[in-house]
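Numbering (this note's numbering), first residue to last: 8 to 814.
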């Protein structure tokens, strides 16, 4: 259910021009961006376009001959001022750096009657070609029929994918768990949710995509997934590129999600909105053998509300937009205890699917509530028709409380352990800023686009108090994973201070007792006790970068648009990590204790670190490990889009990317020395070529094919784990020889557990993992083809083909 109140201006034409008419209800988005744009500017490493283009030809309506020196004027509520061009001798024109929106083209030429075509829709990173006809003054008394076309096919590109406008987002309830912009992606063929909580595109998982807002790369520097989200109400348009994109785009082997946020306009506009999804039906619980504890996840509510306001500070000169919207997503997670039924022979009774027949005897319901604060602001300044600047800032500070939810939106399963293992707070979210300039030089035959941007992201796991046990005590309690299958009433489970209270009830004690014939009605497998089962810590991820792009329009056996540019970024991953209680333990089925996860080093000069074993003072266990790693990347591209006879377009380009990952000089190796080992140094070259044929010659069709190579952009988690000299300690302990039987950390170390003279095992290189200097990046070769035909206005029929192979 959603409620929305809008503050819309009176219906009035832009700049008082009656030709435009209509109201500007929502503040057509990016006037700003356009201007700003750094058109494909793409801010950090990803070259994402924030504007589109209109191109075409002006002809004599009687003779169908080209009309040169005609003035073409583009106007739109999304555009500051207006954009004008003059046709060349072939009647051709192109108007670039246009914000997404609905446009009107007016054509004027001495000796001809003026002509106006309305309703042309400009999408992100698309060039729409139109054919405009002028009636000579000498024939103004005669009846000449002009059929105005509204092309929607991008006939200059082989790119596959699609765009979702703000109007579509307001009509369709995209997003099951949250109304964020990324949820619209599944509306595009070839896109589906993947196991990482993001989206796969034509077989490439979510870490292989590139995520961009207003030209800023908002991909998570550490893991490559989505780092910044925004509520759909602040978004003008979402473009999803699933393949076939040009050389200016990279750092992805999959697709690109390109978002442009709303901006101001020449009229004040705004809205106050509330969206509420009050409940969700309960899902059916399916129990499996060896798992007497089940979970049922259902939505409590999904609520967001907010306000937005945009308009002119100086009409046609300076626009603003601002919006704020808290967003709350709360879930119920029911943890049920189920008793398996048995037959007289002491075997579990199974249903037709091989699952045990069970009876629920107890349950406890937990909550998980995510609170996000969506913020968006933008200023757009038009110096003159050819120069503009845009400043944008946005973010989504977020907190998850209750049952732990990871970065990908997955809820931890309470079925896997006691309460300390799954109750944690999670602080995440990001803020981004960008400054963009776009200009047209030399009589608009050259475009200059420049962007500087900054991305900061946090990711902190915070222990909480559980049933009277303080957060500090939980943080100091190691997680113990009881390997194998045990009865739920096992003393090691029930004696844990963090065991759920209802699990100790008389009903559970009676129903779960092992039967005389040996049947276990309440088995649990690899059950966890103690503190968090995840790696705790604080993480800060930063990215600073910029891009410079140039475009030249040249006439040489057709129309050429040469694009070339360079962009760079520096990502940083600053992380302090620890395990609850200093180590994650496993009680093996053999009866010994394994230090499954612990940090260690062998540097006696580092004070304050307790020796693992007082008898061996040169082996140390670290409660926490801190590391800083960096990723420096520089990319360039060159491409030529050659339009031959307004029917054939040949696109040839090449992209090069240099990626260097390394540990910060302040990071110490296992022996206490600065890490100066080899980093990961990749040089990737990616050719791209595409061919498009418009068999109608009017921008209403295309037959196309393309080839491209795309290299994976390696996230910093690899450097954090492999290049920072992170060492893991493994040892074995005797659970029957403990100074404090309730704390397995106090048990005696088993000597020579890994062979003669090997009591301890350290994994990870002392000075970071060695790297092959001839290491090559992973790439995908992509082959695309298809045909499209616009049968009526916004209705297009087509068949697209894609083939990928990994190298």
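For each residue, glycine too, the CB sits at the ideal point set by N, CA and C.
| Whose C-beta lies closer than 7 angstroms to the C-beta of residue 146 among residues of the same chain, with five residues either side of it excluded? | 69
| Expressed to the nearest angstrom, what Euclidean distance is found between the alpha-carbon atoms of residue 791 and residue 161? | 15 angstroms
| request: Using 10 angstroms around the beta-carbon of residue 808, count the other beta-carbons present and answer buried if the total reaches 16, otherwise exposed. | output: exposed
| Where do the ends of the beta strand (DSSP E) carrying residue 320 lie? | 300 to 321
| request: Kindly give me the distance between the Cβ atoms of residue 427 and residue 505, rounded to whole angstroms, as I take these residues to be in contact under 8 angstroms. | output: 4 angstroms
| request: Please classify residue 411: is it buried, with 16 or more other beta-carbons within 10 angstroms of its beta-carbon, or exposed? | output: buried
| request: Tell me where the alpha helix (DSSP H) around residue 519 begins and ends. | output: 513 to 519
| message | Distance check for residue 511 and residue 264, CA to CA, integer angstroms please. | response | 50 angstroms
| query | Between which two residues does the alpha helix (DSSP H) carrying residue 725 extend? | reply | 724 to 729
| message | In the DSSP output, which residue or residues are listed as bridge partners for residue 566? | response | 562 and 650
| said: Taking the straight line between their C-alpha atoms, what separation do you get for residue 340 and residue 431? | reply: 14 angstroms
| request: Report the three-state DSSP secondary structure of residue 191 (helix, strand or coil). | output: helix
| Any chance the stretch 694 to 703 sits against the stretch 712 to 719, with 3 or more Cβ pairs inside 8 angstroms? | yes
| message | Measuring only the C-alpha atoms, how far is residue 1 from residue 795? | response | With the chain covering only 8 through 814, there is no way to say anything about residue 1.
| said: Three Cβ pairs or more, each shorter than 8 angstroms: is that satisfied between the stretch 491 to 505 and the stretch 319 to 338? | reply: no
| query | Looking at the structure shown, is residue 363 part of a helix, part of a strand, or coil, going by DSSP? | reply | strand
| request: Helix, strand or coil for residue 200, going by three-state DSSP, please let me know. | output: strand
| Just to confirm, are residue 436 and residue 383 a CB contact at a threshold of 8 angstroms? | no
| said: Please report the distance separating the alpha-carbon of residue 280 from that of residue 314. | reply: 6 angstroms
| said: I'd like the ranges of any alpha helix (DSSP H) spanning at least 4 consecutive residues and lying wholly in the stretch 469 to 514. | reply: 478 to 482 and 498 to 501
| query | Excluding five sequence neighbours on each side, which residues of the same chain lie with their C-beta closer than 7 angstroms to the C-beta of residue 139? | reply | 63, 65, 112, 114, 122 and 124
| task | State yes or no: is the C-beta of residue 229 within less than 8 angstroms of the C-beta of residue 606? | result | no
| query | How big is the Cα-Cα spacing for residue 311 and residue 331? | reply | 10 angstroms
| request: Could you say which of 85, 84 and 89 lies nearest to residue 78 if we only look at CA atoms? | output: 89
| Just curious, the alpha helix (DSSP H) that residue 178 is in, first and last residue? | 173 to 178
| field | Rounded Cβ spacing between residue 639 and residue 577 (contact assumed at less than 8 angstroms) | value | 5 angstroms
| task | Specify the secondary structure class of residue 39 as computed by DSSP and reduced to three states. | result | In this prediction, residue 39 scores a pLDDT of 30, lower than 50, which makes its location untrustworthy; no coordinate-derived value is stated.
| query | Is it true that the stretch 462 to 479 meets the stretch 564 to 574, where meeting means three or more beta-carbon pairs spaced less than 8 angstroms apart? | reply | no
| Given residue 636, which residues of its chain have a CB within under 8 angstroms of its CB, disregarding the five upstream and five downstream residues? | 579, 580, 668, 669, 670, 671, 674, 723, 726, 727, 730 and 731
| request: Return helix, strand or coil for residue 143, following the three-state DSSP convention. | output: strand
| request: Over the uninterrupted beta strand (DSSP E) stretch that includes residue 276, give me the two end residues. | output: 276 to 284
| task | Within the same chain, show all residues whose beta-carbon is closer than 7 angstroms to that of residue 37, passing over the 5 residues directly before and after it, in chain order. | result | Low local confidence applies: a pLDDT of 31 at residue 37 is under 50, so the model's placement there is unreliable, with the coordinate-based value given in what follows. Within the same chain, residue 37 has close Cβ partners 57, 85, 106, 107, 243, 267 and 270.
| task | Ignore the nearest five residues each way along the sequence and tell me which others in residue 100's own chain have a CB closer than 6 angstroms to its CB. | result | 79, 92 and 94
| Cβ neighbour criterion (16 or more within 10 Å) applied to residue 72 | exposed
| request: Express the C-alpha separation of residue 769 and residue 734 in angstroms, rounding to a whole number. | output: 6 angstroms
| query | Counting pairs of beta carbons, one from the stretch 446 to 453 and one from the stretch 357 to 371, are three or more of them closer than 8 angstroms? | reply | no
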